[in-house]
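The opening residue of the sequence shown carries number -6 in the working numbering; numbering runs sequentially from there.
This report concerns only the one structure given below.
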Amino acid sequence: MEEEIAIENIIFLNDILNEAYKDYISIELDEPETKDLLYTSKIHLHSFTENRKCSVKYCRKKAVKSHLFQESLLRKNAHNGHYLYPAADLDKRKIKISKVGINKALTFPGFCEFHENMFEYEKKEQLEYDHELQTLIYKAICYHHIYWDIVLKKTESSVEKLIEKRYEKFEKFTNGKYRSLFNLLNIEFKDFHFADSRHKDFEQLLKKRKKIVNDALKFKRLIWQDIILDKEENLKSHIIEIDKVIPIFFSYLGNLTIKNEDLSFDDNACLIIHPFKESTKLIFTTKTENFSTLKKLLDRLDIESALHFILSSLLYVSDNWLINEEFYNKYLPVKLKEALESANFLPLKPI
Ligand SMILES: [Zn+2]
-6 MEEEIAIENI IFLNDILNEA YKDYISIELD EPETKDLLYT SKIHLHSFTE NRKCSVKYCR
54 KKAVKSHLFQ ESLLRKNAHN GHYLYPAADL DKRKIKISKV GINKALTFPG FCEFHENMFE
114 YEKKEQLEYD HELQTLIYKA ICYHHIYWDI VLKKTESSVE KLIEKRYEKF EKFTNGKYRS
174 LFNLLNIEFK DFHFADSRHK DFEQLLKKRK KIVNDALKFK RLIWQDIILD KEENLKSHII
234 EIDKVIPIFF SYLGNLTIKN EDLSFDDNAC LIIHPFKEST KLIFTTKTEN FSTLKKLLDR
294 LDIESALHFI LSSLLYVSDN WLINEEFYNK YLPVKLKEAL ESANFLPLKP I
């Protein structure tokens, strides 16, 4: 007799849960509610400076506002004190090429005042020694690590907020219909996991961003070891130098794919495009074990294709760049400008 009642109870409970599930998946979030989440990878780092510590291992001092790119060179290559960069237009849900002043141009809470002095090349406006190159790459890697770490935290809180919002809507829509039953059974509604495809999307996004943060952290550790040992042991770099000052500052850390005939490179790499005193350098860095393939591929690039590579990087590799406005207007191919100005997201996926 007791058993029968128990089975009936379970069937009854299952019916209620099925019904609750049907009601729950019928709750849709509207666009403004999800907008915050979709665009959390377009953030400004200025407001985060207050709470961050220095990036250098074991240093617990407060980070000041660091420039990703050398400030004096930013000043020298600017047009009327500003740069163009791809900002997010949240209302139109697209990229808007906007102006940014030098003081805010790719600054981040990177290093304490003491460690800001480790970037010796910045005083000379050129790279002379391997050690200077390594600190430049270190700075770029730290930038990406901090950037994605903040983005990840913002994404996590946006996801939490969205889930809460959905539960709120559900409660309102069902008029608290299930509340008393769940109270009776001592079930906390918020702990209740429905098989919701939307949740899976959020989880995928979080997972992806966690991986980016971890990969950046790995690179940061490797380059720091190299700096301490003063060796190119873990990471190796290849530089392509163009004997013209191209006023584009660009930095990327993540998966890089380069293919040419029989060769292909598809792995994590750091790419920096940086104008110096009299030339522009494209600095490619990857793990030592992958370096030879990358180098073979880069050796095949002549100057013209290197220039082409710089321009296509603005569209296909990263949205983390600054460009002189006059240069943008005069020298960028019309088709590239059109593509940049009509993009919903950057970087675009190559077709
Ligand atoms: Zn420090």
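All residues carry an ideal CB built from backbone N, CA and C; glycine is no exception.
Per-residue DSSP class, three states only, for residue i
i     : result
C135  : helix
M(-6) : Here the model assigns M(-6) a pLDDT of 49, short of 50, so the residue's position is not dependable and the matter cannot be decided.
V93   : strand
I250  : Note that residue 250 is Thr in the sequence shown, not Ile. Note: T250 maps to strand in three-state DSSP.
L339  : coil
T148  : helix
I239  : coil
S65   : helix
Y321  : helix
I20   : coil
T278  : strand
Extent of the continuous beta strand (DSSP E) run through residue i
i    : result
N350 : Within the shown structure, residues of the chain are numbered from -6 to 344, placing residue 350 beyond reach of any answer.
K347 : Since the first and last residues shown for the chain are -6 and 344, residue 347 lies out of range.
S230 : 228 to 235
N261 : 256 to 268
Y78  : 75 to 82
F101 : 100 to 102
Counted within 10 angstroms of its Cβ, other Cβ atoms place residue i as buried (16 or more) or exposed
i    : result
F212 : buried
K132 : buried
L287 : buried
T273 : buried
T250 : exposed
R214 : exposed
Y140 : buried
V49  : buried
P326 : exposed
N2   : exposed
Boundaries of the alpha helix (DSSP H) in which residue i is found, first to last residue
i    : result
K58  : Not the alpha helix (DSSP H): K58 falls in the beta strand (DSSP E), residues 58 to 60.
I296 : 296 to 309
L315 : From DSSP, L315 is part of no alpha helix (DSSP H) but of the beta strand (DSSP E) over 314 to 316.
N176 : 172 to 177
E115 : 114 to 117
**OP:** Please determine if the region 85 to 93 and the region 120 to 128 are in contact, where contact requires at least 3 C-beta pairs separated by less than 8 Å.
**Re:** no
Original post:
Three or more beta-carbon pairs under 8 Å between the region 258 to 277 and the region 236 to 243, yes or no?
Top reply: yes
Subject >> Sequence-ordered residues whose beta carbon comes within less than 7 Å of a heavy atom of ligand 1 >> reply: C47, V49, C52, K54, F104, C105, F107, H108
Original post:
Within the chosen definition, does the region 47 to 61 reach the region 286 to 296 through at least 3 CB pairs nearer than 8 Å?
Top reply: no
**OP:** Assess, as a yes-or-no matter, whether the region 274 to 283 is touched by the region 212 to 231 under the definition of 3 or more beta carbon pairs within less than 8 Å.
**Re:** yes
Original post:
Quick one: any contact between the region 258 to 265 and the region 156 to 176, if contact means 3 or more CB pairs under 8 Å?
Top reply: no
Original post:
Taking one C-beta from the region 192 to 206 and one from the region 140 to 150 each time, how about it: are there three or more such pairs within less than 8 Å?
Top reply: yes
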